[in-house]
Amino acid sequence: MSIEKSRSRPRRTSLESEEERAWVGFYQRVGRNPAIAGEILVQLESDPEMKRSHLALYLCCKESLRQHKARQARNKRIGQFVRWLCIELFLRPLHSLQKMCSQSSDLAVECLPEVGKNPATNQGHRLIRKTPFATAQTPSPAPDASPVSTETQTSAGAKASRMAA
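Following this note's numbering, the numbering of the sequence shown begins with -6 at its first residue and continues without gaps.
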C-alpha cells in the first residue's frame, strides 16, 4: 500500500525541479545580499500572483533590507564616534599646544628688557659718536701702487715665517 501512495504523487518535470531549486537559492542568498533582496522584492511587487505564492521570500527580502539599513546606520554612528574620538585625542591637544606656544612667545617677548633703557647700549652709542672712535672707523687711504724693493719683500716673507712658527 505504501508503494501505491508514493506512486500517486505527481512527478515533477526537470523544469519544475530546477525552478524550485532556484527559489530555494533565493531564500538562502536573500539574507546575505541586500542587492539581491532588493531585486527580488521589485519582481515580487510587480507580480501579485508570484508575491502570493512566495510570501515568505517577500518577507525575507523586506527583513534583509531592513537589517541592511540598520547596519548602515550603526556603521555611520561608529564612524562619527571614531572621528570625534580622533579629533578629541589628537587634534584638539595639538591645537591647544600651538595656541599656548604662540601665546608663550608673545609673553617671552614682553619679558625682554626694553631696548632704549639698556645703559650699556647708550654708553656704546656715546663712545662711537666721539671723534677719536669716529675717525678710527673711517677707512685709511689706499696705498700707492709703486713697486716695492726686493729687500722689503724678503723681510716681509721672513717676518711671516717667524710669525707662523
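From the three backbone atoms N, C-alpha and C, an ideal C-beta is built for every residue, glycine too. This structure is a prediction, so every number in the text was calculated from the model and none was measured.
For N26, the closest of E38, E11, S46 and Q60 by C-alpha to C-alpha distance is Q60. With respect to Y20, A63 sits apart: the two C-beta atoms are not nearer than 9 Å. Relative to the Cα of E56, the nearest Cα in the group L105, R22 and E103 belongs to R22. By the neighbour-count criterion, in which a residue is buried when 16 or more other Cβ atoms sit within 10 angstroms of its Cβ, I33 is buried. Runs of the alpha helix (DSSP H) lying entirely within the segment 0 to 79, each at least 4 residues long, are 7 to 23, 27 to 39, 41 to 46 and 48 to 79 in chain order. Straight through space, the alpha carbons of H88 and L82 are spaced by roughly 11 Å.
Rounded to the nearest angstrom, the gap between the Cα atoms of S7 and P41 is 25 Å.
With 16 or more neighbouring CB atoms inside 10 Å of its own CB, A30 falls in the buried class. Counting only the Cα atoms, L78 lies some 40 Å from L105. Membership of K92 in the alpha helix (DSSP H) is indicated by the continuous run R85 to C104. Just so you know, the alpha carbons of R119 and R85 end up roughly 52 Å apart. Here DSSP, grouped into helix, strand and coil, assigns E81 to helix.
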